[in-house]
Each structure stands twice: as C-alpha cells, then as structure tokens.
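Student: Below is the structure I would like to discuss, written out as structure tokens.
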Amino acid sequence: MYKVKEAFYTLQGEGAQAGRAAVFCRFSKCNLWTGREKDRATAVCNFCDTDFVGTDGQNGGAFETAEALATHIHSLWPDAPGAPYVVCTGGEPLLQLDEKLIGAFHQRGFEVGVETNGTLPAPAGIDWLCVSPKADAPVVVKACDELKLVYPQSKAMPERFSHINARHFFLSPMASPSAPDTGTDPIKQSNTRKATNYCLAHPRWRLTIQMHKIIGID
Ligand code: SF4
Numbered sequence: 044m045y046k047v048k049e050a051f052y053t054l055q056g057e058g059a060q061a062g063r064a065a066v067f068c069r070f071s072k073c074n075l076w077t078g079r080e081k082d083r084a085t086a087v088c089n090f091c092d093t094d095f096v097g098t099d100g101q102n103g104g105a106f107e108t109a110e111a112l113a114t115h116i117h118s119l120w121p122d123a124p125g126a127p128y129v130v131c132t133g134g135e136p137l138l139q140l141d142e143k144l145i146g147a148f149h150q151r152g153f154e155v156g157v158e159t160n161g162t163l164p165a166p167a168g169i170d171w172l173c174v175s176p177k178a179d180a181p182v183v184v185k186a187c188d189e190l191k192l193v194y195p196q197s198k199a200m201p202e203r204f205s206h207i208n209a210r211h212f213f214l215s216p217m218a219s220p221s222a223p224d225t226g227t228d229p230i231k232q233s234n235t236r237k238a239t240n241y242c243l244a245h246p247r248w249r250l251t252i253q254m255h256k257i258i259g260i261d
C-alpha cells in the first residue's frame with residue numbers, strides 16, 4: 044500500500060532540474076516530524092512548511108499496488124513530446140518508494156527523481172537523487188546527484204556534508220514556516236543574503252531559490 048498526500052503536474056522549482064516539467068508525487072508521512080503542529084517544537088526537523096499528513100490532497104489517495112500508483116501518476120502527464128519525469132517527494136518518500144514502484148514508473152517511460160532527507164537508504168534505480176539534510180539527523184546516503192541544503196541550520200551547516208559525493212551543491216534560503224509565499228518574508232530575505240554571502244565565499248556551493256513560489260505555481 045502506497046499513501047500519497049497529493050500529486051500534480053508542474054515545473055520543478057529548485058536545483059539543477061529547475062524549470063523542468065514534472066509530476067510531483069508527494070508521499071504521506073515523514074520520519075523527522077509527525078506533521079502535527081503540536082509536535083513541531085520537539086521534532087527533529089521543525090521548520091517544515093509542507094502538509095504531508097493523510098491522503099486528502101489533490102490527486103492523493105491510497106494505492107494498493109505499484110502498478111496502480113504508476114498508472115495514476117502517468118495519467119497526470121500530458122500527451123505531448125518530452126521525457127516524462129516524476130519527482131517523488133514528501134514527507135519522506137523513502138519510507139515508501141521501493142524498487143517495484145521505480146520499475147513501474149520506468150515501464151511507463153518515466154525518469155524517476157527523488158527528494159529525500161537522506162536518513163534512509165535509497166533503493167536502486169533512481170535516476171536523479173536530491174538529498175536535503177535536516178538538523179542533526181544522520182545522513183546515510185553517501186552519493187547523490189544534488190545536495191540541497193536549507194540554509195542556515197545551526198545543526199546542519201554546509202561543512203558537515205563536504206564528504207558526500209554530489210554532482211551539485213546547493214544552498215536554499217530558509218523561510219519562516221508560517222510566512223505567506225509572497226517573497227516578502229523578512230526572515231527569508233535575510234537568509235537569502237546569508238546564503239548568497241556563503242556561496243560567494245565558498246564557490247563550490249550555488250544558490251537556489253524557489254522559483255515556483257516567485258512565479259506563483261505549486
Ligand atoms: S524532513 Fe522534509 S518533509 Fe520531513 S519535516 Fe523536514 S522538511 Fe518536512
């Protein structure tokens with residue numbers, strides 16, 4: 044059984060794949076927070092701005108088999124030229140994503156991207172792995188396509204991840220969990236300046252901003 048909060052067709056807004064059309068498949072549940080506000084203060088990860096609880100979002104649901112979920116995701120891809128791309132996110136997608144589902148996506152022509160907090164082993168077959176470490180949660184993934192670090196996090200500063208074998212290193216300025224997505228969040232503006240300065244001083248790292256929020260898409 045796979046539980047999906049929501050699924051939707053959009054453009055990837057961040058990182059090295061920014062601007063690419065993708066079906067986002069947001070799996071329910073995370074291993075670093077329950078998703079309930081009453082638990083936020085004691086969670087390992089406490090700045091999350093994503094609702095990943097339940098299966099009641101747009102195109103969400105519970106799917107008995109990998110085939111059923113892959114067929115559902117495929118139905119959201121347009122009938123047009125272009126390589127189909129699915130981004131498995133969450134929540135923490137590696138609580139649910141397995142080789143069977145990756146295979147079912149591949150059978151339908153999808154490249155499979157994953158956005159994970161890196162605390163769980165990744166199954167074989169993923170085409171694009173993005174690791175986004177959170178707080179002091181131990182990262183077990185040792186190699187990935189991109190490391191995307193929300194910045195600044197006092198327990199997860201960039202130096203801690205220099206041993207990870209990544210093709211791309213990105214800093215993503217942290218927003219306030221409760222701020223509206225208008226681009227006027229003063230905390231995010233301040234963090235963007237800090238991330239910019241870090242990238243200027245450490246050119247291995249690149250700044251990524253949440254393009255989807257600027258242009259007003261999901
Ligand atoms: S690890 Fe990701 S999904 Fe989980 S609580 Fe943190 S930001 Fe949210």
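Its first residue numbered 44, the sequence shown is counted upward by one per residue in this note's numbering. Note that CB positions come from ideal geometry on N, CA and C, so glycine has one too.
Starting from residue 117, follow the alpha helix (DSSP H) in both directions and report where the run begins and ends.
Tutor: On the sequence shown, position 74 is the one that residue 117 refers to. 109–117 is the span of the alpha helix (DSSP H), which, as asked, contains residue 117.
Student: Does residue 67 come out as helix, strand or coil in the three-state DSSP assignment?
Tutor: Sequence index remark: in the sequence shown, residue 67 carries index 24 (1-based). Three-state result, residue 67: strand.
Student: If you compare alpha carbons, which of 237, 215, 178 is closest to residue 84?
Tutor: Residue mapping note: residue 84 aligns to position 41 of the sequence shown, counting from 1. For residue 84, the nearest C-alpha among the options comes from 178.
Student: For the alpha helix (DSSP H) that residue 208 lies in, which residues bound it at each end?
Tutor: For the purposes of this step, residue 208 is taken as residue 165 along the sequence shown, with counting starting at 1. Element bounds for residue 208: not the alpha helix (DSSP H) but the beta strand (DSSP E), 208–216.
Student: Taking 8 Å as the threshold (C-beta atoms), are residue 172 and residue 183 in contact?
Tutor: For this step, residue 183 is matched to residue 140 along the sequence shown. For this step, residue 172 is matched to residue 129 along the sequence shown. Not in contact: residue 183 and residue 172 (Cβ atoms no closer than 8 Å).
Student: For residue 154, which three-state DSSP category applies?
Tutor: The residue labelled residue 154 in the question sits at position 111 within the sequence shown. Three-state result, residue 154: strand.
Student: How would the residue list near ligand 1 read, in chain order, if you kept each one whose beta-carbon is closer than 6 Å to any heavy atom?
Tutor: This selection yields 73, 75, 76, 88, 91, 93, 95, 133, 134, 135, 160, 177.
Student: By Cβ distance, which residues of its chain are closer than 6 Å to residue 78, with the 5 residues on each side in sequence left out?
Tutor: For this step, residue 78 is matched to residue 35 along the sequence shown. Hits under 6 Å: 95, 96.
Student: If you drop the 5 nearest sequence neighbours on each side, which residues of the same chain put their C-beta closer than 6 Å to that of residue 234?
Tutor: Translated into positions along the sequence shown, residue 234 becomes position 191. Excluding residues within five positions, the ones whose Cβ falls inside 6 Å are 216, 217.
Student: Would residue 227 be called buried (16 or more neighbouring beta carbons within 10 Å of its own) or exposed?
Tutor: Locating residue 227 in the sequence shown gives position 184, where the first residue counts as 1. Exposed.
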